[in-house]
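Right, one structure below, let's go through it.
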Amino acid sequence: MNSVKESSPPKRGLSLPVFHPDFMAEAHVASADAVLHAALDNSVTKKDYGRRSSLAELPDADGLRQLAGDIKRHTLDHLDYYLELLERNVIKHGGAVYFAATREEANSLIVDIAHRTGSKLVVKSKSMVSEETELNDALIAAGIEPLETDLGEFILQVDNDHPTHIVMPVIHKNAAEIGRIFARYFKTPFTDNPQELAEMARVYLRNRFNQADMGISGVNFAVAETGSLVLCTNEGNGRMCTTRPRIHVALMGMEKVIPALDDLPVFLKLLARSASGQALTQYTNIITGCRRPGEHDGPEELHLVIMDNGRSKILAGEYRDTLRCIRCGACLNACPIYRKVGGRTYGSVYPGPIGALLTPLFNGLENHKHLPHASSLCGACFEACPVKINIPEFLIKLKRDQVQQGITTRSERTVFKLWAWGLRHVWSYRLGQVVQRVLLRSMGSKDGWIKKLPGPAAGWTAQRDFPIPAKHDFRYVYKQYRAGEKHGK
Amino acid sequence: MKVSLFVTCLTDLFAPDVGMAVVKTLEHFGCSVDFPTGQTCCGQPAFNNGYPAEARALAVKMIDVFHDADYIITPSGSCCAMIRDHYIELFHDDPDQRKLAEDFVARCYEYVEFLTKILKVDLSTLSLPENETFTYHFTCHLRGLGATGEPAIRLLKQLGGAQFTALEKAEQCCGFGGTFAIKYSDISGAMVRDKVQCGSKTGAQTMIVNDGGCAMNIGGACHRMGASFRVQHIAQIIAAAVEHTARAS
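These protein sequence lines are chains A and B, in that order.
All letters in the first sequence, in the order written, are residues 1 to 489 by the working numbering.
All letters in the second sequence, in the order written, are residues 1001 to 1249 by the working numbering.
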């Protein structure tokens, strides 16, 4: 049963890029891909267990998650105030601050900075928000060379591919595939030894860091009180990108601000644990301003681009809490559906449960009809979320919005309304049960199972057998039991 | 103690023996059980698919049917979570009905939760008719009750003749999710096959679940795949032990 209308091709001018329009076709292929499932179990499922055990080491992990969620809620409730405070304090330390309403605007601001500073080569540390703006494409179009320096992102750039996980971008490729990509790119003999592959990238990237004019980073947390930009990475490339080149440009979504430095440990304790089960990321950079007189290193200029790109629209409505997200990827790792379809199936930059929520919110429900439905609402994402975003509840709200906006089919609406009406009366409920019993029992094999259901229910038996109803329903059996009891007495 | 059974529509139609197991075990533990015949469905399918008004009408009916029950016990984790997580919010704009909902929610318990939190039962005097090895699948919606799988496993381990082996990825959803299993059957099928493979790996004879939906889904996949374990609700196992122990004494 396809209860939402067929997808149409992606439209231009959406807040998030759309990589493919057909969720169902991608899901069909991915859910039959045993190699993908094994790879995901080996990575995300393990990270999920790592998250749990590292959080269990804290005295009160749940209390910390509550606190983190509360800080985020407070900040979002007063976002205008904290963004102005951040702006003032970044400027005070010698930085420049820009506000971009859309992703196109963010890209053109960054291209302008590159032109103005004569930057030809740009090194980038991993940044999901730059995936959101498709910044690399904009830079290339302006004659500027972007170079991804996170190993995973570098592999994807070389292979002209997209990340399929927020934290582990190249999770869908195995070592052999990466070996083939590198052999082609570096024109060297094939190897699938991870150490050798990492070393090839490292040697190449080290050299290019020295040639770069500009470094672009994302921002994990922007501290309003001090104007500090916090960057959490594991490879050290983020530190290279933000210190070696003359110019540092940081791009952030406007929800990344936190009030004060005192709040930072709450998030640092949760971010790495939630993402990968580490107590802290290998590198935690707190960048306050650019190179001061008399200092020997650091960039000469710091530019901070704060982007809206649809966030204020979400902020204004009942989905505000979704902007708490710190992009840790814990909900992806915990999600039984992500583990079976991988990131590509979700069709945009943010995959997994948080993507199923954010993508329709950013791009409109009519453009991503399946995402709110493709969930068993098991709640693993909510349980994993370090800032307590109740993702299943929001997905249900999106479905309600779809019904109200007439995006679901008329036949589905009729079925649900009729069904709910029937359940309001015992006589119609029982009539329904009798009809189901007779029909289903007539379809069953001798072994008590149905191999093929008709119509919309065929999806069930495409995958597994369906039980036939019991000969007598509970009501009948219970009545007999009570009657026997009386008789016995 | 007077308790009322909310059997749920799935159990009524497909698994009356689970309902009877709940009745008989609760009676064994000293409760007097009644079954209000006006009950139908908690409204979960409507609510989860974006039809809160329809769910609300069914919630009104549920609250009315069970208005004089001391405790409402259900064998289904997900129906209980629907009630506890959403019934109060459904009446956010109707203070009187909301008050009734709050009162109703406070009296609702999932079966294992009721055994362990309220009755505080100890099953160590009961033994199974034959030695049996168990594994346990965590019904996702127990999360909505703030529950873990630990109480059910503890109960199982107390039974004489019960051996327990842990299930790999026990907390990973089996892929039921109501209409999800039909609409997104490719994904759901991959999920339930994973569950059955993990179950087979344990070598257990029986997989315990706390929900009619999981039981249908995993049971159906076991049958299709020819898996060697059976799927049972924990009440069925406890009922078998109660009956055997009574007969033996």
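Think of the CB as a built atom: it goes at the ideal place given N, C-alpha and C, for glycine as much as any other residue.
Quick caveat: nothing in here was measured; it's all calculated off a predicted structure.
First through last residue of the beta strand (DSSP E) which encompasses residue i
i, result
"residue 1163/B", "1160-1164"
"residue 1131/B", "1127-1136"
"residue 253/A", "247-253"
"residue 168/A", "That residue, residue 168/A, is in no beta strand (DSSP E); it is neither H nor E in DSSP."
"residue 1007/B", "Unbroken run through residue 1007/B: none, as it is neither H nor E."
"residue 164/A", "Run containing residue 164/A: none; DSSP gives neither H nor E here."
"residue 1074/B", "1071-1074"
"residue 99/A", "96-100"
Whole-number beta carbon distance between residue j and residue i, since they are thought to touch under 8 Å
i, j, result
"residue 1202/B", "residue 1232/B", "Going by Cβ atoms, the distance from residue 1202/B to residue 1232/B rounds to 14 Å, so no, they are not a contact pair."
"residue 261/A", "residue 226/A", "6 Å"
"residue 1126/B", "residue 1242/B", "6 Å"
"residue 441/A", "residue 469/A", "6 Å"
"residue 1004/B", "residue 1071/B", "7 Å"
"residue 386/A", "residue 328/A", "6 Å"
"residue 1019/B", "residue 403/A", "About 32 Å separates the two Cβ atoms, so there is no contact after all."
"residue 23/A", "residue 370/A", "4 Å"
"residue 124/A", "residue 241/A", "6 Å"
"residue 51/A", "residue 273/A", "6 Å"
"residue 344/A", "residue 172/A", "7 Å"
Nearest neighbour of residue i, chosen from the options [CA to CA]
i, options, result
"residue 952/B", "1249/B, 1238/B and 1244/B", "With chain B represented from 1001 up to 1249, any question about residue 952/B goes unanswered, as that position is not in the structure."
"residue 77/A", "450/A, 288/A, 316/A and 452/A", "316/A"
"residue 100/A", "93/A, 43/A, 94/A and 111/A", "111/A"
"residue 1209/B", "1153/B, 1036/B, 1160/B and 1179/B", "1153/B"
"residue 1192/B", "339/A, 161/A and 271/A", "339/A"
"residue 1248/B", "1128/B, 1189/B and 1168/B", "1128/B"
"residue 163/A", "186/A, 297/A and 126/A", "126/A"
"residue 472/A", "453/A, 142/A, 384/A and 437/A", "437/A"
"residue 429/A", "1012/B, 1002/B and 1001/B", "1012/B"
"residue 304/A", "311/A, 298/A, 419/A and 290/A", "290/A"
"residue 1062/B", "1200/B, 1103/B, 1143/B and 1160/B", "1103/B"
"residue 1196/B", "1185/B, 1220/B, 1183/B and 1055/B", "1220/B"
"residue 394/A", "348/A, 413/A and 365/A", "365/A"
"residue 1073/B", "1056/B, 1168/B, 1060/B and 1002/B", "1002/B"
"residue 157/A", "372/A, 431/A and 201/A", "201/A"
"residue 31/A", "382/A, 58/A and 463/A", "463/A"
"residue 255/A", "136/A, 212/A, 246/A and 311/A", "311/A"
Proximity below 8 Å, CB of residue i to CB of residue j
i, j, result
"residue 1080/B", "residue 1041/B", "no"
"residue 320/A", "residue 314/A", "yes"
"residue 1173/B", "residue 38/A", "no"
"residue 523/A", "residue 330/A", "The shown model of chain A, from 1 to 489, leaves out residue 523/A, and the question about it has no answer."
"residue 267/A", "residue 68/A", "yes"
"residue 1112/B", "residue 1234/B", "yes"
"residue 220/A", "residue 271/A", "yes"
"residue 376/A", "residue 1164/B", "no"
"residue 218/A", "residue 264/A", "no"
"residue 1107/B", "residue 1166/B", "no"
"residue 134/A", "residue 17/A", "yes"
"residue 228/A", "residue 286/A", "yes"
"residue 145/A", "residue 122/A", "yes"
"residue 1229/B", "residue 1200/B", "yes"
"residue 1065/B", "residue 1035/B", "no"
"residue 1222/B", "residue 1137/B", "no"
"residue 166/A", "residue 49/A", "no"
"residue 1226/B", "residue 426/A", "no"
"residue 281/A", "residue 234/A", "yes"
"residue 1142/B", "residue 1077/B", "yes"
"residue 239/A", "residue 300/A", "no"
"residue 378/A", "residue 1146/B", "no"
N-terminal and C-terminal residue of the alpha helix (DSSP H) that residue i is part of
i, result
"residue 130/A", "128-133"
"residue 1037/B", "Careful: residue 1037/B lies outside any alpha helix (DSSP H) and carries neither H nor E."
"residue 1028/B", "1016-1028"
"residue 1088/B", "1077-1090"
"residue 107/A", "103-116"
"residue 240/A", "237-243"
"residue 82/A", "79-92"
Beta carbons nearer than 9 Å to chain C: which residues of the stretch 1016-1037 of chain B have them? Structure shown: chain C not included; protein chains present are A and B.
Quick check on the DSSP output: what are the complete beta strand (DSSP E) runs of length 3 or more inside the stretch 186-230 of chain A, in order along the chain? Within the stretch 186-230 of chain A, the complete beta strand (DSSP E) runs of at least 3 residues fall at 214-217 and 221-223.
Identify every run of the beta strand (DSSP E) within the stretch 13-50 of chain A, keeping only runs that are complete inside it and at least 3 residues long; order them along the chain. Correct list: empty.
Those runs of the beta strand (DSSP E) which lie wholly inside the stretch 300-333 of chain A and span at least 3 residues: Listed in chain order, the beta strand (DSSP E) elements of length 3 or more contained wholly in the stretch 300-333 of chain A are 301-307.
Which runs of the alpha helix (DSSP H) fall wholly inside the stretch 364-450 of chain A and span at least 4 residues, in chain order? Entirely contained in the stretch 364-450 of chain A, the alpha helix (DSSP H) runs reaching 4 residues are, in chain order, 380-384, 391-404, 410-422 and 426-443.
List, from N- to C-terminal side, the alpha helix (DSSP H) runs of 4 residues or more that fit wholly inside the stretch 329-359 of chain A. 330-334 and 338-341
Alpha helix (DSSP H) runs contained entirely in the stretch 1166-1191 of chain B, provided each spans 4 or more residues: 1180-1183
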